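Engineer: Below you'll find the structure I mean.
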Amino acid sequence: HTDAKTPGCIRIEFLMTENQEECVFSEIIENWKEHYPKYIQKKMFDMVKLYQAPVKSVMSIKSLFFGILYDISFAFHKHYLSDTEFAAIYDGIHYIENDALQALSIAQIADMCHVSESYFRKTFKRYSGYSPTEYRLNRKIERAKELLLTNEMTVSEVAEELNFKNIYYFSRIFTKKTGIAPKKYVQANLRIGQ
């Protein structure tokens, strides 16, 4: 529901039990503002229907819920950027922040935004504090950390998955950014988890 103390904001209240057996949230959804995308509202009602079903699928409810949080965050971010100098490069910002493979060149991303490459580079640096190349490299290293720890992929497979030229280049960049080689990073985190 909308937050009376903060006009224009939506407050989401929910409760998940400690044993994660049940997910409880308001069964009534009201006061959706017109500028929020209809698909978010539809997902919210879908989640309520799942919750009200005789047999509840907690994983499906959670999946929809986290998807809704992402969608609301994304819609807010887009709305915020539309009122700033960064509106012209919004599609490029979204691509760099969300595409794990980062396959498009900076020139292609600028073209997607219908701006020159130099304009995109300068504006993106003002947005993030990093050049687009540095920023996307940081994102790829963060993704590499996740893959190394959660998917049981080899260093070589992670390098290939993230479109690095070869394993040596990947290892050099990973070590430079994190201060530790990929294999040692996995070993260190395995010790911590034990």
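To convert, note that position 125 of the sequence shown is 125 in my numbering; the numbers rise steadily by one, no gaps. Glycine is no exception: its CB is placed at the ideal position from the N, C-alpha and C atoms. Quick caveat: nothing in here was measured; it's all calculated off a predicted structure.
Can you grab the Cα-Cα spacing for the pair I173 / Y90, in whole Å?
Structural biologist: Walking along the sequence shown from the start, residue 173 turns up at place 173. Walking along the sequence shown from the start, residue 90 turns up at place 90. Their backbone Cα atoms lie some 27 angstroms apart in a straight line.
Engineer: Short of 8 angstroms in beta carbon distance, which residues of its chain neighbour I96, apart from the five on each side in sequence? Order them along the chain.
Structural biologist: Numbered from 1 along the sequence shown, position 96 holds the residue referred to as residue 96. Correct list, in chain order: Q102, I109, F124, P132, Y135, R136 and R139.
Engineer: If you count every other CB in all the chains shown that lies within 10 Å of the CB of L64, and 16 or more means buried, which is it?
Structural biologist: Against the sequence shown, residue 64 aligns to sequence position 64. Classification for L64: buried.
Engineer: Spatial neighbours of F170 within its chain, please: C-beta separation below 6 angstroms, excluding the five flanking residues on both sides.
Structural biologist: Indexing the sequence shown from 1 puts residue 170 at position 170. In the same chain as F170, and ignoring 5 residues on each side of it, the C-beta atoms closer than 6 angstroms to its own belong to A159 and F164, in chain order.
Engineer: Cβ atoms of G67 and K43: under 9 angstroms apart, would you say?
Structural biologist: Residue numbering aside, residue 43 sits at position 43 when the sequence shown is read from its first letter. Residue numbering aside, residue 67 sits at position 67 when the sequence shown is read from its first letter. Yes, they are a contact pair.
Engineer: So, helix, strand or coil for A130, using DSSP?
Structural biologist: One-based indexing of the sequence shown puts residue 130 at position 130. In the sequence on display, residue 130 carries Tyr and not Ala. It is coil, neither helix nor strand.
Engineer: Roughly how many angstroms separate the alpha carbons of D83 and F76, rounded to a whole number?
Structural biologist: Here residue 83 refers to the residue found at position 83 when the sequence shown is read from its first residue. Here residue 76 refers to the residue found at position 76 when the sequence shown is read from its first residue. Whole-angstrom Cα-Cα distance: 11 angstroms.
Engineer: Taking 9 angstroms as the cut-off, decide whether the C-beta atoms of I141 and V155 are in contact.
Structural biologist: The residue you call residue 141 lines up with position 141 of the sequence shown. The residue you call residue 155 lines up with position 155 of the sequence shown. The answer is no: Cβ separation not under 9 angstroms.
Engineer: Once you ignore the five residues that flank T178 on each side, which residues in its own chain have a CB closer than 8 angstroms to its CB?
Structural biologist: What you label residue 178 is simply residue 178 of the sequence shown in a count that begins at 1. Cβ neighbours of T178 beyond the five flanking positions: I141, K145 and Y185.
Engineer: Can you name, in chain order, every residue of its own chain whose Cβ lies under 8 angstroms from the Cβ of L162, other than the five neighbours on each side?
Structural biologist: In the sequence shown, residue 162 corresponds to position 162, counting from 1. Apart from sequence neighbours up to five positions away, the residues of its chain that approach L162 with a beta-carbon distance below 8 angstroms are A100, L101, Q102, K140, R143, A144, L147 and F170, ordered along the chain.
Engineer: I need the DSSP call for P182, collapsed to helix, strand or coil.
Structural biologist: Counted from its first residue, the sequence shown places residue 182 at position 182. Annotated three-state conformation of P182 is helix, per DSSP.
Engineer: Per DSSP, what kind of secondary structure is K176 in: helix, strand or coil?
Structural biologist: By one-based count along the sequence shown, residue 176 stands at place 176. DSSP places K176 in helix when its eight states are reduced to three.
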